[in-house]
Structures are given as C-alpha cells and as structure tokens.
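Here the protein sequences come in this chain order: A and B. Quick note on numbering: full-length UniProt numbering labels position 91 of the first sequence as 91, and the sequence is numbered without any gaps. Quick note on numbering: full-length UniProt numbering labels position 669 of the second sequence as 669, and the sequence is numbered without any gaps. Cβ coordinates follow ideal geometry from the N, Cα and C atoms, glycine included. Below is one structure, written out as structure tokens, with a few remarks after it.
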Amino acid sequence: MANRLSCAYENLSSSYLLTTTDYQKQFCHLYTHRLAEMTRLLTPLALKEWGTQVPIMKLCELRGEQNVQCIIIGTIYKHQAHKPSILRDISEENQLAPQPQRQNYSEPEDKLILEDELQRVRLQGGEFLESHKLATGIVCAVKGDTDSEGFFNVEKILFLESGPQKPLTVKLNSKLILISGLDQLQSHNFVDALNMFQYWLSGCFDNKSEAQSQVRLIVAGNSVRSSAMAHVPTLQVARHQANANDTVQAISQLDSWFASWAKAIHVDVMPGAYDPANFMLPQQPFHKCMFPLAAQLSSFQSVTNPYICRLDSALVVGTAGQNIADLLRSTALDSSLEALRCTLKWGHVAPTAPDTLACYPYISSDPFIMKECPHVYFAGNCEKFETDLHVGSGGKRTRLVCLPSFSKTQSVAVIDLATLDCRQIKFSVETE
Amino acid sequence: MDAKRKFNGNGMANGHSKKPRTYDDDDDMGGGFESELAAFEAMDDLDQTQLLGEGPEIQQTSERWSRAPPPQLNPAEDRLIFQQLDVENYLGQPLPGMPGAQLGPVPVVRMFGVTMEGNSVCCHVHGFCPYFYIVAPSNFEERHCAELHEALGKKVIADMRSNKDNVQEAVLAVELVQRQNMHGYQGDAKQTYIKITVTLPRFVAAASRLLKTTIIMSSFDFQDCRAFENNIDFDIRFMVDTQVVGCNWIELPPGVWRLRGRNSKPAPESRCQLEVDVAYDQFISHEPEGEWSKVAPLRILSFDIECAGRKGIFPEAKVDPVIQIANMVIRQGETEPFIRNVFTLKECAPIIGSQVLCFAQETQLLDKWAAFVREVDPDILTGYNINNFDVPYLLNRAAHLKVKNFEYLGRIKNIRSVIKEQVLQSKQMGRRENQYVNFEGRVPFDLFFVLLRDYKLRSYTLNAVSYHFLQEQKEDVHHSIITDLQNGDEQTRRRLAMYCLKDAYLPLRLLGKLMAIVNYMEMARVTGVPLESLLTRGQQIKVLSQLLRKAKTRGFIMPSYTSSGSDEQYEGATVIEPKRGYYADPISTLDFASLYPSIMMAHNLCYTTLLLPGAKDKLGLTDDQVERTPANNLFVKAELRRGLLPEILESLLAARKRAKNDLKVEQDPFKRQVLDGRQLALKISANSVYGFTGAQVGKLPCLEISGSVTAYGRTMIELTKNEVESHYTRANGYENDAFVIYGDTDSVMVNFGVKTLERSMELGREAADLVSSKFVRPIKLEFEKVYYPYLLINKKRYAGLYFTKPDKYDKMDCKGIETVRRDNSPLVANLMNSCLQKLLIERDPDGAVDYAKQVIADLLCNRIDISQLVITKELAKTDYAAKQAHVELAAKMKKRDAGTAPKLGDRVPYVICAAAKNTPAYQKAEDPLYVLENSVPIDANYYLEQQLSKPLLRIFEPILGDKAESVLLKGEHTRTRTVVTSKVGGLAGFMTKKASCIGCKSLMPKGYEDRALCPHCEPKMSELYQKELAAKQGLEETFSRLWTECQRCQGSLHEEVICSNRDCPIFYMRQKVRMDLSTQQGRVQRFGLPEW
C-alpha cells in the first residue's frame, strides 16, 4: 500500500444499507415517494423552463376538459404486451414448450401512459416523444393538452437531469480503476489475464508511477458468476436449490485474489446480479464470512450495489449493470451507453425498479433518485466498453462508463478523476 | 287491452299461477330430453299487471347516445327493410283494412328490428289468427261447419271466467281441410280434418279442451277426435306460416304498409324510431342466404352495477343502495364500444375516455339511467349474470325508492319490465332458479347463460372466465371493501368506477371473442326460432320449428302428444369393449360422419314413414317397399315416401356443406365469423333431430325412430369391426392382423399393427372407403385421425396424440380424464396434464412416472403451492342434510370475521388440513389464507389418497400394470415427510421455541443461542450462509414478480393492491411469498448484518 497518492474517500451509500426489512409492504409506497420527491425537484425546473403561463395541474383537475394547455408531472407506465409476466409463466408452466424469454420486448405497439398521484392518461406525441426509448417508472413533467379521445398530446417533456453538480477539485492524476464480471467460475479461461492485471496493479510492469496514481479499485459485480443458474420448472414454487460446491470454491479463490489486490490498493467490491447476495436492489454488501482473508485488510471492503462514494470532490455513482440490462430489454435504446445516459437524464438510477427489476419495497424513501449529478457514472457487466463525457444542462460534466465484463474482454477502465478522461486497458494474452 | 305475451315467459306472467313452474333444459344431443312441456303450454290468460300507465317519452340528451334520425319514408313509394330480432304478440284492436277478425280484441304480432342504417323498427303485423285441427268425425260434412262454429264459439265465450275485454267472437272460422297425420304411414290418401280458427291464442287451448270434455254438438261426438297442432306457441305458429326465421330480414314493399306518426291512428306505441303496420300476408320474409345473410348494426349495451352492501350480508335491494352503474355500448361488427360511461352516486373524479355522470341522489341516478337506456335504445342487453342479479336488483331498488317510470326499459311505451321467477331443470346443470325480466323488443343476452350452455369450465366467475378465454386476470374488489371505497372521496369512488367499467367491458370482449352473438343469430336463422329462445329454451323447440315448417309444405299436420311419462327405454349406443393399454404404435380412427343424421337419411326414418303395427298388411305393402330395422320396426322406403326428418337433415347438411365451401373462399373476417357460426349451428341442429325423437317427455317422442337409429348404429359398428378384422390380415398380404381395440357410438379405433404414421393413415383411408361401400348412402365412414401414441384407459376414457397429417400432431386429445373436473384441486388437473404430456408427446413413460413421484414427494414434503390444493364449492344453502366441508368452514369463518366470511351464493375455497385420526373430512376444511398465515399443516394423505391416487392409477395402470400402485403410491419417494408446526390449535400453545443450528438443526449449546451456527458447523459458515442466501434470492425474485404483476393488473402504480380475487393463481402465492421471505430473511440475519 505504499507510495499511492492519497485521496479523501467518503462512502455515501448508507441509504442503500438495509438494517431492517419488512416484506409486508407493497411497491406503491416506493412509487408514491418517488413521484412526490421528484415532483418537488421537477417543479422549479418546469417553472424555469416553461414559465408560469401554463399551469401545473393534476390529471384529476382536468375533469375531462379538452384542449387545456397544462403541465402534468407523473410517473410513466409503459404497457407492453410481451413484458415478462409471472401469471403467464404459471399458466405455461404445465405446457411443454414454454415461450422463450425475449431478449427485448419493446414493440412499436407499446402504449405510453402517464400516471400522477391519482389518475392515468395515455400519452401521444409522435416522433419527438420517442416513446420507445422511455420506460416504466420514469418521473417527468410533460407540457401539452388533452384531446377528445382521452389522449394527452405531449409538446414538451422535461426530466430531472440528476440535480446540481459540485465543482470538481481533484488532485492531479488520481485514477480510479473499474472492473466487473470477474466470473470466477470461468476463471480458468483467463487466469493469465488476472495475473497480469495483478502485476499491473502493483506496478510490476515498470509502471510504478502509473500505479502510484491509482487511488482505488471498484469491482462492479458478478465476481462469482455472470449468468443465471438454470431453473428447473416444476409445480412447486419454493425452489430450494442446493448451492453448488463450485460456487463456494470460486469464492475462496476470489478471496485470495482480493486479498492480494487489497495489499496494493483500496478495493471496493460490489455484488452483482448473479452473486451470492440478496436479489433485490439495492444489493447488500457481501458477508465478511465469505472473504476471511481479504476481510482482515482495512483496505478491502464490500459495498452495496448501487454504490455511491466521493473521492476527493469527485462523486462516483455506479451499479453492477442490472438497471442498464433491464432498460435494454424493455426499450428500444440501442446501446448500454445510451441507457446509462438516459438514466442520468431521467435523474433516476433504476426507473424500471420495481416493475421489472426487483427492488426492496421501500416505504418512505426512494434511494435511487439522483439528487446530485455525479462526475463518474458507471455500469458494470455491459456487452462492451463504451464511454462518453456527457455534458448536461448548465455545463454539468459526467463521465459515463459502460464496463464490459472482465471474463469476456479481460479489460478494465481507468478514469482520471481530475480530467474525467477514461480509457480501457486490456490484459488479454494471445493464446495460439 | 294490451297484454304482452312473451315467448318464454308465458306461464310465468300468469295471473293466478304464482308458483314458479319447472322448465327443463337439456342440451345433450342424445341425452334424452326432459320435460320441456311446461314451456310449450298454451297461454291461457291475460296478465293484468302490465297494463297501467305509459312510460315517459325518450328525451334526446346526447348526440352520441341517440340513434341517427330515421329517413323520411313515404309508404306509398318506399320500401322498408329491417332485420327482425324479436317476435312477440299482444292483443290489440283490429285495424281497418287489415285481414282477420274485424271485431276486437285480436292478436297482433309485433316484430322488432333494425335497419341497415341503424334505425330501430317496430312492425305490427295484423290479421294472423291462431288455429288448430281436429279429426273430423265420420259423417261430418261441410254443412256442419257453421253449426260447430256457432256452438263452439258460444261455449268458449261462456267458458271464460271473465270477459273484461268484451270478446264477442271466439271462433273465427270452421272449415274442412284435407291433411295427413304426420305420425305413421297410411298411404297417400288424405284425411279430412276440421280446421278451427279462433280469435285469440288462448282460445286454442280452451276450444280443444271443450271439444274433448263437453258436448258441443248433439249430433257429433268430438271427445275421441284427436287434436292436432293445438299446442304450438302462437309466435312459432306465425313464424312457421309466414316463413319468418329468427333474425332474418323483412321487407315491406311500397304500398302495403302504413307508417305511424305523431297524429296517426293508431298512435305509436313503441319507442322505436319507425313504427309501421302491415298485413301478415303482405310482407316479404327473406331467406338468410346470400345478400340476406348480412347483419344489421345492432346496438349492444353491456352494463354492470355496484351496490354498497353491509359486512357479511348479501346486498338486499330494500336496504343497500345502488352506487354505480357502468355502461358500454357497441355496434355489432365494430371492435370498440362507442359509448363508455358510468353513473355514480356522489362525486367521482373524471375518467379520461369515459363519461362520468355523478348524482347526489340515488333516485336521480336510477331515473337517469333508465332514461339513458331508453335513449340509447339497445337491441341487445348483456352483462355478466344480469338476469339474476343486476336487472332484478335495479328493478327492486327502484320500486323500493319509488323511482317513477324506472321500469319502462322496454320498447313498448306502456309496458313495464317486471321480474318473474323461472326454474330450469337440467341434467347437465342441475336445478337453477332464474329470474326473467321482459324488455319488449330488446333481447336480454346474458353472457353467463351463454357460457353455462356452451362451455364446461372449472369456474364461472367473471375472473375465471376472462382468465380462461382472454388470459387476463381481473382485479377483484372484495365486497367488504366496496362500501369503504364508496364512503371515501371522489378518488376512491373513481377507483370503484374503473372496476365497474371493466366489469361492463369484459362481457363485450368475451362475446366478441366467442362470437356468441353471431353464432346464436345463425342458429336462430337455421332453426327458425327467435334469438331469445335459444338462451331460455332447450333444443326441442328448434327441431319442432323445423318439423312444422317442413310438414306444412307437404300437407302433414302434427298430432298433439300428451306425455305419459312412460319409462320405456330403448337400447343406447354400442361400445366395443376396450382392449386397455398403452399403444406405442399408431392407432387409426375411423369415424362415421354425422352418424345419426345419416342413418335417418339412409334408412328413411321418420314419423311419416313409420309403419304402425298392422299397417303393412292393411295397406298391402310388399316386403320390397318396407324396411325392417334392427330394432324390429317397419318403415316404408323412400321410393314410396320420402320422410320429413330425412329431408330436414338433408337440407341442414347441404346447407352446412355450402357454408363450409363459402367459408373456404370468404376473405372478410367478419363474414367468415358468420359463416363459421352458421356451419356450427347447422351441425348441432342436425344432431338434435335424433334427440327430439327420443325425448320421452317431448313434443312428439317416437321411440321407434330413436330406437332404430341406435340399433343401426350398433350393427354398423359391429360390421365395421368385422370387415376391418377380416380384411386386414396377414393372410391377405398385410403387415399384420388388424384389431379393433375400441369403438364407441360413431368411431372405431383400429390397430393395423404398422409402425409409421404414413402407413397407418394410408390404411385408415383405404379401410374407410372399403367399409363405406358396404353401407347405404349417405352413411360414410371417414378416416379422420391417427392417435399416436394412444392410452386407452377404459370406456370413454382415453388420451392420445392426435395426428391428421404425418408431419406434426394437431393436439393432445383427452377424453374423460380428470383435467377439468370442478370438484378437484388444480393439482390433479395439472399433474394429469403433465403426465399425459410426458407420456404422449415426449413418449417418456419413465419420465412421467418420475414426474408423478416427484409431485407426490413434493406434496408430502409440503412443497406444493397452496393454490394448487384449493378446492372450491359454491355455498348454495346452509342446511345440507349431510355435513359438507365448505358449509362447516363458512360457519367457522363467520365466527372469526363476519365481514369477510362467505355468504350464500359465494364460492368457498378451502384446503383439507391435517387433524387427529378419524376426524371426518368435513371438519378438516380450512380457509387457505388462514392456513398460510398460521402454517396449518395440510393433510397430504387426503390429497394423495382422495384426489391423486385414482386418476393417477388409471393412467398408469395400462403402462405399469398391477405394480402401478406400489410404484407410485408406496415407493421410496413417499418416505420423507415434512411436518409443519402449526401456530394455532392443538399443542401449539404448549410449545416453546429453542434456537437450533441452521447447519445441522441441532439444539444450540450454551453461549451460542444467539448465533446462527453451532461450533461444529461454524467452519462451514461461508457455505451455509450462501445456501440460505440462494433460497432468499429465489423468494425475493418471486416476491417482486408477484406484487408487480398485481400492480400492473390493477392499473395503478401509486395505489395499494386491494384485489382479493381468489381464482387468480397469484392470490395465495403472493401471500405465501411474503411469509416465506420474512422467515428466510430471519434465517439470513442470524448470520449477522454484512457490515464492514
């Protein structure tokens, strides 16, 4: 741990830690809170953008009147015929050939609905609305009017854009390393790459100065496995699956990797979709008992997914990628980067939770709202490496990073926290 | 005097017969019709209750609601063409210039309909008079007619209890006619009958009774003179004689009709846009063929009401207010309703896309709704169970609140809609008490009745039905919540309104999906009866209508038959003893196409061709002219006389062939629907002809015909078996000796002993042709399908994979196997279904056995989802003689919470729970929710022994033989059992909980009580922790998916899910997953929070 640049670190993920749980609650509270909180944040934006000429109204105030120009703030619900449905699965469970899960169930026929606290209205807005790029759970303000057919004709749409951003004052050269998808169960395929990564991390490649500038390593999920275990359909619902021994073994391997990395650098490990953690977002940190070696090091910790931290003044927000994968399934967004950018614009890390993305039934908060615009915003376990410097309203700059999984690309991302530059480093060893 | 005679409600409106009469209804083709007699009973008295007052005028309030204004018509130059939907009659005053009696009162027929432009029409048809025939006594001559006319007329008048209508003339005409008795062949000579035409329909019965019982003319004795056609409904009589069939098009040519207007005499009586008069012999009734097979843009109103009940009590109209009425109106042929609205009591927040009409007073709400119905002027009223609930409730409520003019819902201004009781008895559906409400000119078409008649379902709740046909669940708001929603604010009432609107919309979608209106309309056209009678009457009337039509053209008349209630039986269809087993080779199936109709055609079986005993010798017929049936009855051959029934059947089958051919070329989807409905209606009608002759308590049973039909059927099945088995032999050069392994009624299953589908199909086709050649035309054996593989369990119980082409199977065909029975738990149906799929589709008998074992093991280890175990029964009455599980449970639940306990008429879901030995089963029933919440152990043995074992053994015995029972029910997999510790009852109160190790379940040693693992298991902490996590992951996923599904279904993200639809498979799951997840979270947390 010697000779590293020092960097102030603050873990801001406490809102994602669940200390008590209550599963008697339903999901409506989360939506209600999301709408209330984001309405509070959106209202001044809408006034600023559109002035006070057009009133902000509730749907129930429209009383079926037509052609009244107004602004409505509400939650989007996208009606999709092929949305995964447990009801359909159950009725097909006894059929022989269940319909394969669709990779993407977005269709031109999908209906866009806006729901405020009490009512719903169908949205209509032609090309510019880009309804195929919107998803259930987004809160937005729309300006337009209702027509006789019961549609709301959207003229303008406004999103939160993730709140204000604090100025960036990072020391020169501090670098953040992001890695995801270690997939230990498949590690026999890329063990050389892992070794190279470790050498590189510790500056053994004659890259000491480079290594010294690296301040932190974030492991963004799917360290144990990167695909679901196969389900066996039966009549029963409780499927107590024997946990395969190889998972246990993979974790002890990981433990030693992490222990050796943590000797060189601060390591934060996030759980991912297929890791041994809870399933609902936010995923809780791994239990210490799984990493007996690494846990002894103060430079090693497991964190929540999503994860928020501040490195000096740089706000870093990221997930293991479930939010992005779910958006790609339910919308016609064509790349992970676009999906990531959208969630930033919408001001919400995981809008599709809880609808199609499992999430804890919060009753008095929605920790996924982005109230402060991050400097680095990443998602793990994407198809390929993609990055962009997003410049939002008021000159907010955010480095967007889609991390590919290491098991597939043997690469990591390095971000310069001062300039927000980002590059990919590959550790692939050409085997003949 | 204007008393309305409803075609089916006739007996009910009856002033002095308040008791409900029993109607019988049976739809089985050969199932022996039970008495339908009461329904045919001649109407004999006037209803005095409907005479007073005249309802309000239609007020046009909305362009959207009202029909388009009718065109200006000039009767002298224009023609009026409309599709008639309802035919009824009433007593009115004669109209000068019209035929028939000129002194009032006279019967007038009223036809209601719609023009192609969508204008409603009421057409009064004048001059048609009721009549009947009696056999003329010998020596009765033309000159005696006048005397009989006068004498009988006087008698009938004198016989009337009162003569409020001032009837002066009872008998209109007495004449001699030459006709033939339909029953029995007596040569071609016609006999002399007296045709007696009377003035009023009720005089038909009176006159024929008087002729039988009293002396009318001193010189003649009519007591032994058989009466003919004196038991035909007047409406049917009219339709037969004027060639009007149900729902056909009526054309009034220029110059023959009169238009009623504001100042015309008589004044308009109806709320229809066009009201006209015409003579019964002046209009054109178009056959529903070609251009005239079209359908007018009928208005169909579907509605649903909500009432605010009190906790635990079924809503009573005298107490509980109607709070909402949702309405949807669609034009037949369109896909979306053009009127969507909801009438609410108290303010309700607006609903975009639907009109919300709020009323402060319930009386206003009801009044405006009735006005809405009159303004919309629907042709068809539908909804779900509106006949028995919504409509009577509204009428009773309006009467209780004294809402003026509410009851004027029909199309005749001065007739109120009233409720009548009706009891329907049927083998298939049991005894059902129905309520019937008249809506002159509008056809009540309750979807619930359609489903009861045409589909066998596990459950007939709207939820279950919409899930079954539309694969959609419906949010179900428990009635205890409805009142709370109503008493909330305008938003909670809006929520209720959304729910109500959906309940009004679903029936329309289902009607469309099932094409019910089109199919029923085609059935009415084919059989010639009014649309409404198809839902309220049995099969007999359809055959009767056709028989009368045919007989009339040939000069036959039908004797009236009084049921003797004899139990004379004839032998039923034959069944070739099944050679049980699992056949892995293809089994070809040969079917007789329309077997019973073709037998009747081939052998000329009819009332008119039957030779009664002795008739052969009397008529001097030779053996060549006569055919002796296997049942030893004699019928004359077609060369001598073609029977009426064969002719009816021929035209039905020919029409079906035409419809099928048209269907092949038709492109327009709506017309295709019509044609498909038509060919189906024709098929069903052809089959019901046989049933008509066999109906013991029917209009005209003739066991000689029905007995001969089945006898022919039996010999044909036998003959087929012999032919096939003697021709397809190794000796004749075929691969193997063929065996008929099973045969039933009209099909024969042959095992040709070949291995490929192609070959079995080839042989099947060949054999069908070979055997067909031995039979009289049009009897034809057809090769239809191959079962491959085929599991033959017993008579009428089999399953097979159904192939009509060699490359891919069409479906899995199961007969008589527990897949839909309502009194079983879903577990049985699902297990049977899965096992059969494995057996037949995957051809994996071992897999099927393993699967069954797995499910049994799951059952014994309490791993089956509770929704699979729920049995549902309707709480029909509480005082069953024998103790019944669901009744006991309902009583138990009432003690726990009277508010949510099931009420009379509710369906009670229950599961059977474990209890002490020898506890009777009826005490073991428990509410599934209670079971979930208190972890009450399930009686797995009950489910295994009472529910699963029999059906399972049945399908596995052909495969496993005698050892089936020991393999399935007694094997290794039954040894492990999980015992659940209940939180209630028994010893639960005495137990204390002690911490045990999650890893090895041993009791924790001292000092370790608050830890997850004992010292021994501690080294494996990571592994054991992961195991618990994995279980939690699964539960978390299920939790999320279930509760978000409900949120989507209820159509709101921000509102709590309050649905209590117990028919939904999710209902119990989502409750269980909550508990399981909490429990699992507790286990995980014993390892400590993941803190760093």
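Cβ-Cβ separation between Ser174/A and Leu417/A: approximately 4 angstroms, consistent with a contact (criterion under 8 angstroms). According to the DSSP secondary-structure assignment, Glu782/B is paired through a beta bridge with Asp591/B. Annotation: the segment 240–327 of chain A contains the following complete segments of the alpha helix (DSSP H) (minimum length 4 residues), in chain order: 245–262. Taking C-beta atoms as the reference points, Ile339/B and Val376/B count as a pair closer than 8 angstroms. Here Pro55/A is exposed, its C-beta having fewer than 16 other C-beta atoms within 10 Å. Among the residues facing chain A, Val1057/B is included, as its CB has a counterpart in that chain under 8 angstroms away. Counting along the chain, Arg399/A sits inside the beta strand (DSSP E) bounded by residues 397–404. For the 8 angstroms CB-CB criterion, Val156/B and Leu91/B do not form a contact. The beta-carbon of Lys288/A is placed less than 8 angstroms from the nearest beta-carbon of chain B. Runs of the alpha helix (DSSP H) lying entirely within the segment 579–647 of chain B and spanning at least 4 residues, in chain order: 595–602, 615–619. When DSSP states are grouped into helix, strand and coil, Lys156/A belongs to the strand group. With respect to His124/B, Asp320/B sits apart: the two C-beta atoms are not nearer than 8 angstroms. For the pair of segments examined, the segment 529–536 of chain B was found not to touch the segment 688–698 of chain B: the number of CB pairs separated by less than 8 angstroms stays below three.
At a Cβ-Cβ threshold of 8 angstroms, Ile196/B and Leu152/B count as neighbours. Residue-level contact check: Met280/A touches chain B, since one or more beta carbons of chain B fall below 8 angstroms from its beta carbon. Only Gln1026, Lys1027, Leu1029, Ala1030, Ala1031, Lys1032, Gln1033, Gly1034, Glu1036, Glu1037, Thr1038, Phe1039, Ser1040, Arg1041, Leu1042, Trp1043, Thr1044 from the segment 1026–1044 of chain B bring a Cβ to less than 7 angstroms from some Cβ of chain A. Counting only unbroken stretches of 3 or more residues, the beta strand (DSSP E) elements lying wholly within the segment 144–202 of chain B are 171–181, 191–198, in sequence order. DSSP places Met893/B in the uninterrupted alpha helix (DSSP H) bounded by 885–896. Counting only the Cα atoms, Ala767/B lies some 37 angstroms from Gln696/B. The three-state reading of DSSP puts Gly677/B in helix, counting H, G and I together. Going by beta carbons, Gln322/A and Thr304/A fall outside the 8 angstroms limit. Annotated as proximal: Asn463/B and Asn1061/B, with beta-carbon spacing under 8 angstroms. Residue range 479–487 is occupied by the alpha helix (DSSP H) that includes Asn487/B, with no beta strand (DSSP E) assigned at that position.
In the displayed model, Arg656/B falls within a helix according to three-state DSSP. For the pair Ala654/B and Gln486/B, the CB atoms are not nearer than the 8 angstroms cut-off. Proximity of the segment 26–39 of chain A to the segment 347–366 of chain A meets the contact definition, three or more beta-carbon pairs being nearer than 8 angstroms. Residues of the segment 1046–1073 of chain B with a C-beta atom less than 9 angstroms from some C-beta of chain A are Cys1046, Gln1047, Arg1048, Cys1049, Gly1051, Ser1052, Leu1053, His1054, Glu1055, Glu1056, Val1057, Cys1064, Pro1065, Ile1066, Met1069, Lys1072, Val1073, listed in chain order.
Residues of the segment 343–354 of chain A with a Cβ closer than 8 angstroms to any Cβ of chain B, in chain order: Pro354. Among the bridge pairs identified by DSSP, Tyr9/A is matched with Leu311/A. A straight line joining the alpha-carbon of Thr609/B with that of Thr629/B spans about 12 angstroms.
The beta-carbon distance between Ala524/B and Gly713/B, rounded to whole angstroms, is 30 angstroms. This is too long to meet the 8 angstroms contact definition. Counting only residues of its own chain and dropping the five nearest sequence neighbours on each side, Val1084/B has a CB closer than 6 angstroms to the CB of Glu1028, Lys1032. Nearest C-alpha to Leu904/B among Leu859/B, Val754/B, Glu888/B: Glu888/B. Annotated three-state conformation of Gly74/A is strand, per DSSP. Chain A has no Cβ within less than 8 angstroms of the Cβ of Phe338/B. Straight across, the Cα-Cα distance linking Glu372/A with Gln253/A is about 37 angstroms.
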